[in-house]
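Respectively, the protein sequence lines represent chains Y and Z.
Throughout, the numbering used here is defined as the position within the first sequence, counted from one, plus 4.
Throughout, the numbering used here is defined as the position within the second sequence, counted from one, plus 121.
We treat Cβ as the ideally placed atom computed from N, Cα and C, and that holds for glycine.
Shown next, in structure tokens, is the structure this report addresses.
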Amino acid sequence: MFVINCPYCGERDQQEFKAGGEAHIERPKQPTELSDDEWAEYLFMRKNIKGVQYERWNHAHGCRKWFNMVRDTSNDEIKAIYKMGEKPPSI
Amino acid sequence: MSENLRVKSSQYIDETTRVSFKFNGTTYYGFKGDTLSSALLANNVHLVGRSFKYHRPRGIMTSGSEEPNAIVQINPNTNRTEPNVRATEVEIYEGMEASSQNCWPSVNFDIGGINNFLSPFFPAGFYYKTFMWPASFWEKYEYFIRHSAGLGKSPTLKDPDIYDHKNIHCDVLVVGAGISGILAAKNAAKNNYKTLLLDEKNELGGSTIYENNESNKVDNKISSEWLKKEIEELKNIKNLEIKTRTSVAAYHQYNYLLARENLTDHLEKKYKTNKIRQRLLKIRAKKVILATGALERPMVFNNNDRPGIMLSSAIKKYSDFYGVACGRKIVFFTNNDSAYESALSLNDKGIKVEAVVDIRKQSETNLEKRVIDAGVKIYWEHTVVDTSGYKRLNNVSIMKLSNDGTSVTGNKISISCDCLGVAGGWTPAVHLYTQSGSKLTFDEDKKIFIPNKNNSDQISVGSCCGDFKLDEIFKNLNEKLKDFLDITETDFEKITVNNDQEISKRNIWLLPSDKVLGKTKPFVDYQNDATAKDIKLALREGFRSIEHVKRYTTTGMGTDQGKLGNMHALGIIADTAGVKMGELGTTTFRPPYTPLTFGTIVGRNVGKFFDIFRRTPMNDWHVEQKAEFENVGQWKRAWYYPINGETMHQAVQRESKAARGSSGILDASTLGKIDIQGSDASEFLNRVYTNAWSKLGIGKCRYGLMLNEDGMVYDDGVTTRLGENHYLMTTTTGGAANVLGKLEDYLQTEWPELDVYLTSVTDQFATASLCGPNSKKILKKIIPDLDLSDENFPHMSFKEAKIGSIVCRIMRISFTGEQSFEINVQASYGKDLWDKCIEAGKEFNITPYGTETMHLLRAEKGFIIVGQDTDGTMTPIDLQMDWIVSKKKYDFIGKRSLYRSDTMREDRKQLVGLLTEDPEVVLEEGAQIVSELDKKPVEMLGHVTSSYFSPNLNKSIALAVVRGGKDMMGKKLFIPMEDKTINVTVSNPVFFDQTNERLNA
Ligand SMILES: [Zn+2]
Chain Y
5 MFVINCPYCG ERDQQEFKAG GEAHIERPKQ PTELSDDEWA EYLFMRKNIK GVQYERWNHA
65 HGCRKWFNMV RDTSNDEIKA IYKMGEKPPS I
Chain Z
122 MSENLRVKSS QYIDETTRVS FKFNGTTYYG FKGDTLSSAL LANNVHLVGR SFKYHRPRGI
182 MTSGSEEPNA IVQINPNTNR TEPNVRATEV EIYEGMEASS QNCWPSVNFD IGGINNFLSP
242 FFPAGFYYKT FMWPASFWEK YEYFIRHSAG LGKSPTLKDP DIYDHKNIHC DVLVVGAGIS
302 GILAAKNAAK NNYKTLLLDE KNELGGSTIY ENNESNKVDN KISSEWLKKE IEELKNIKNL
362 EIKTRTSVAA YHQYNYLLAR ENLTDHLEKK YKTNKIRQRL LKIRAKKVIL ATGALERPMV
422 FNNNDRPGIM LSSAIKKYSD FYGVACGRKI VFFTNNDSAY ESALSLNDKG IKVEAVVDIR
482 KQSETNLEKR VIDAGVKIYW EHTVVDTSGY KRLNNVSIMK LSNDGTSVTG NKISISCDCL
542 GVAGGWTPAV HLYTQSGSKL TFDEDKKIFI PNKNNSDQIS VGSCCGDFKL DEIFKNLNEK
602 LKDFLDITET DFEKITVNND QEISKRNIWL LPSDKVLGKT KPFVDYQNDA TAKDIKLALR
662 EGFRSIEHVK RYTTTGMGTD QGKLGNMHAL GIIADTAGVK MGELGTTTFR PPYTPLTFGT
722 IVGRNVGKFF DIFRRTPMND WHVEQKAEFE NVGQWKRAWY YPINGETMHQ AVQRESKAAR
782 GSSGILDAST LGKIDIQGSD ASEFLNRVYT NAWSKLGIGK CRYGLMLNED GMVYDDGVTT
842 RLGENHYLMT TTTGGAANVL GKLEDYLQTE WPELDVYLTS VTDQFATASL CGPNSKKILK
902 KIIPDLDLSD ENFPHMSFKE AKIGSIVCRI MRISFTGEQS FEINVQASYG KDLWDKCIEA
962 GKEFNITPYG TETMHLLRAE KGFIIVGQDT DGTMTPIDLQ MDWIVSKKKY DFIGKRSLYR
1022 SDTMREDRKQ LVGLLTEDPE VVLEEGAQIV SELDKKPVEM LGHVTSSYFS PNLNKSIALA
1082 VVRGGKDMMG KKLFIPMEDK TINVTVSNPV FFDQTNERLN A
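Listed below in structure tokens is the structure:
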């Protein structure tokens, strides 16, 4: 059970949060102009890395804000947390 | 029976308080402070159970939570019974009963014991192999295995006890209150860390507290005397909380630990009532100090499992702590010095030690000299090759070890004894350490796994990190604490410590016998009856990974997780396969460290507190009317209102007729409601719904369908435009929270430029839905000055009005196909609104109806229920709802997916109506639909999603999803059931009032 440092509320227990999958997958601005394969790439393809992974998290039972997290999935170390729209740190 | 092996008063046992208890039906006596095992041993009872597979007689082996054999059922056949309790942990109290497990008819005569003689038929992987042999054999094995295997009996009566959960936050958590843990906790607390010290035992001090070895001295006092003074000082330290009888079950990442605090298990029945029995502590610690100690290893030799064969350290504890002799003629068998400490300790108390058998070559240390001086014979470089005594050890045979330790030579010497203390060295208790994600390394010299790479802010101190001697414990603890706690000195760093020096130990994982291995029984895992032979067989059969060998042989798979035997299993694998133990790696230790009761895990969340539930403001009225309820998400919704003993079918038929015949009323408060405001609210709705919203007039309502990005229907509901930049969205009852979450996600992450604010108002409004041809008349009576004409208040529009001084929002919308008005008021007025509707509706026979009738009425109209007629694989096109998908809008959630090749397939499952050939036959929801009965394999076309007997049409109707169903109108299909085949015809899913005349009637 992690302790997560919400960028808006501070440190809270993991049970207040919801994981939201891989981060930095932007919804295409013009979906109708994409081929089936390109759309499928956005829709279905997600990484599942053993190691450093960029993820979306939501403080569902708190401020309800979404933010990004860099987590090492091999030992669950949270390496960075940053707000939506901010540039991802290089780890 | 009344033998007494109590040898000397112990300060930990209250000999003034005699406690009577029953074991396997016989009454025994012990003293307050005894565990079940110490009390049994004091009565010379060693035989306590039968082994799992061979049903071999087994005795008490240890004095702690690592016990593999002495697993008992406490208070059998009562409401407080508990299976799989370790006799070495449970404290006796007046009137306690316990019985052996896994033996029938009794521990002394066990039918399953025949398995012992059949053991060649139970090799490694026996259970797996039974699965692979001819399938028809399995039923026979199953009968046999189920009757002879299995541990305790689970309780069948309601648990009378209370369980609790508690969250704890601390700066420093110290696990284990032996000498290392006590010094660590004391120094942490003294340096202003809020400290919590836990120990699974009822006394502090670990094994040092009963130490009486003259040569182990701290500050020139015997170590136990010095430690007692330290413990006394703990009382005066602020910042320090101590919990005994508290066992840490799990250590998760980020220093989150779960511990079970045992509060009443040691108390007499009369003191247990209305008290919390066990408490689960959920601890979040900034720093963790593990001082979990070490477990003594047994040794693996032929017939090493007889009652009377115990760990050397356990014999010492029973004698020094409980004042109990484990036998009258004791032999020790060792590969290190600790057996000599036990031997000396027993000798001091006048317990006869016959001999020490040591596999090491002769050495001369102070310790050994004292043992020789005490008149004990030492057999150097000898090993036990066999033991005898079926229900109690009576003899050990020893022989001289060859130089390389792989065989035995010379004559067999026989030593008569009734107890054998085995000392195979010490294994650091690193279970919690590895649970935390931290990594071990193998110390080839000491043959132990020790902590290496910590995964959180933690340290391991004392013997759990491989420091076994007092002087090294003090020295390393001092250095580690200063660094970990960021302090300049500890309060013990200047204290002098003296102890015996250890001579090197000799490690032989599998000791040889004069018999070939195949004819011996050297047990590695006592609880699961896995022998060294089984492990070697698994390797011969090609297993290499330690995790595979473990599962195949069941080594380490018992309730004790192989605390005693895992290292031997690894050692035997390494020796046999010719690899280094460090390269093999260790198996994974999983929580809980010791088993937890279900009561502790669920705490207070039992009975009506099992899950939270939500009630509408009108709930009391439904209860008064004796409505039946159904769970919808967390809501308790009125399901139907039976009167005069009606069945559900009868009630629903009556309610359905009344709603279309005159008037019905439904509590619709549970529908999700989201208030949407902002200058971009219309644009936002355009993006989240499939249809267009910009042109919806103020005061108008529109039905919307929401998709997932994959094009599949996600939710639906009516949204009302309350103002230029203000909408009220309704969602399905079960989907409300998820819809809000999804909308927030898009707003925050994809469209942050939109000026839109979302607020859940589900709980703020109560909703009564008036339905039927007389609904308008009833509403007119309640609000006389509201113009209800179709011109002023047409279908799909909204009015704000007042009932007295209560403001209400009224939507003329319909889920039943009848003229309907949904009246929303502030939740606190919900019951008042409901009462007014019922009162005004009396002359029209207003009939309350529940969710079942609502479902029936909408099915008559072919309206879908998301989640019942859809399952996350249905597009709007599949639902034949093309009309709601805007062709003009550039984009909305899921739009692109509707043009994927897969979603455009003609042969997708599509929503259709089904009519049965016999109108009386009602289909089963979920029933499979086929087109050809004779063709094998039968091709499944789809299934029935909703099915009812329609009282308004007087026939059976159903909705179904059928592959290519859109083009099957009028086609005959079949529904094969267990006892018959039902003929059906595909129809329009709208069964009733297809032209919607009733909405304006
Ligand atoms: Zn937050």
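Exclusion of the five residues before and after Lys390/Z leaves Gly216 as the residues of its chain whose Cβ lies within less than 7 angstroms of its Cβ.
The continuous stretches of beta strand (DSSP E) do not include Glu704/Z, which lies in the alpha helix (DSSP H) extending over residues Met702 to Leu705. Measuring C-alpha to C-alpha distances from Lys671/Z to each of Lys701/Z, Lys642/Z and Leu705/Z identifies Leu705/Z as the nearest. Summarising the contact set, residues whose Cβ lies nearer than 7 angstroms to any heavy atom of ligand 1 are, in chain order, Cys10/Y, Tyr12/Y, Cys13/Y, Arg16/Y, His63/Y, Gly66/Y, Cys67/Y and Lys69/Y. In the three-state DSSP reduction, Tyr461/Z falls in the helix class (H, G or I). Taken through DSSP and simplified to helix, strand or coil, Glu81/Y comes out as strand. In this structure, Gly180/Z sits near Gly429/Z, with a CB-CB distance shorter than 7 angstroms.
For Asp40/Y, the nearest beta carbon of chain Z is closer than 7 angstroms to its own beta carbon. For Pro1097/Z, the pairing in a beta bridge is given by DSSP as Thr1102/Z.
Around the C-beta of Gln483/Z, fewer than 16 other C-beta atoms lie within 10 Å, and the residue is accordingly described as exposed. The beta carbons of Asn468/Z and Ala495/Z sit closer together than 7 angstroms.
Cβ-Cβ separation between Phe936/Z and Ser783/Z: approximately 18 angstroms, too far for a contact (criterion under 8 angstroms). For Tyr500/Z, the nearest beta carbon of chain Y is not closer than 7 angstroms to its own beta carbon. Contact fails between the region 632-642 of chain Z and the region 673-689 of chain Z, because fewer than three Cβ pairs, one in each stretch, are under 8 angstroms apart.
When the beta-carbon positions are compared, Cys585/Z and Gly414/Z come within less than 7 angstroms of each other.
Around the CB of Leu278/Z, fewer than 16 other CB atoms lie within 10 Å, so the residue is classed as exposed. Residues of the region 566-597 of chain Z whose Cβ lies closer than 8 angstroms to any Cβ of chain Y, in chain order: Asn576. Shown here, Ala208/Z sits in coil according to DSSP, grouped into three states, outside any helix or strand. Between the region 547-562 of chain Z and the region 522-539 of chain Z, the count of Cβ pairs shorter than 8 angstroms is below three; the stretches do not touch. Scanning the region 934-981 of chain Z from its first residue to its last, the whole beta strand (DSSP E) runs of 3-plus residues come out as 941-947. Counting only runs of 3+ residues, the beta strand (DSSP E) found wholly inside the region 1032-1114 of chain Z occupies 1063-1071, 1076-1084, 1093-1097 and 1102-1108, in chain order. Excluding its 5 nearest sequence neighbours in each direction, Leu868/Z has C-beta neighbours in its own chain below 8 angstroms: Phe805, Leu875, Val877 and Leu879, listed in chain order.
Interface annotation, Met49/Y: not in contact with chain Z, CB-CB separation never under 7 angstroms.
Under a criterion of Cβ atoms nearer than 8 angstroms, the residues of chain Z adjacent to Ala64/Y are, in order, Gly862. By the C-beta criterion, the region 965-974 of chain Z is judged to be in contact with the region 752-763 of chain Z, since at least 3 inter-stretch pairs fall below 8 angstroms. Rounded to whole angstroms, the gap between the alpha carbons of Lys560/Z and Leu361/Z is 29 angstroms. In the same chain as Gly531/Z, and ignoring 5 residues on each side of it, the C-beta atoms closer than 8 angstroms to its own belong to Met520 and Lys521, in chain order.
Non-local beta-carbon contacts of Asn334/Z in its own chain, meaning distances under 6 angstroms to residues more than five positions away in sequence, involve Glu462 in chain order. The contact set of Ser1022/Z on chain Y, defined by CB atoms closer than 7 angstroms, consists of Asp40 in chain order. Under the three-state reduction of DSSP output, Gln771/Z falls in the helix class. DSSP places Met217/Z inside the beta strand (DSSP E), whose first and last residues are Met217 to Ser221. Going by beta carbons, Ala1048/Z and Thr1066/Z fall outside the 7 angstroms limit. Note on Leu168/Z: 16 or more other CB atoms within 10 angstroms of its CB, so buried under the neighbour-count rule.
Shown here, Trp1004/Z sits in a helix according to DSSP, grouped into three states.
The continuous stretches of alpha helix (DSSP H) do not include Asp906/Z, and DSSP gives it neither H nor E.
Here Lys1087/Z has Gln1031 as same chain residues with Cβ atoms under 6 angstroms from its own Cβ, once five neighbours each way along the sequence are excluded.
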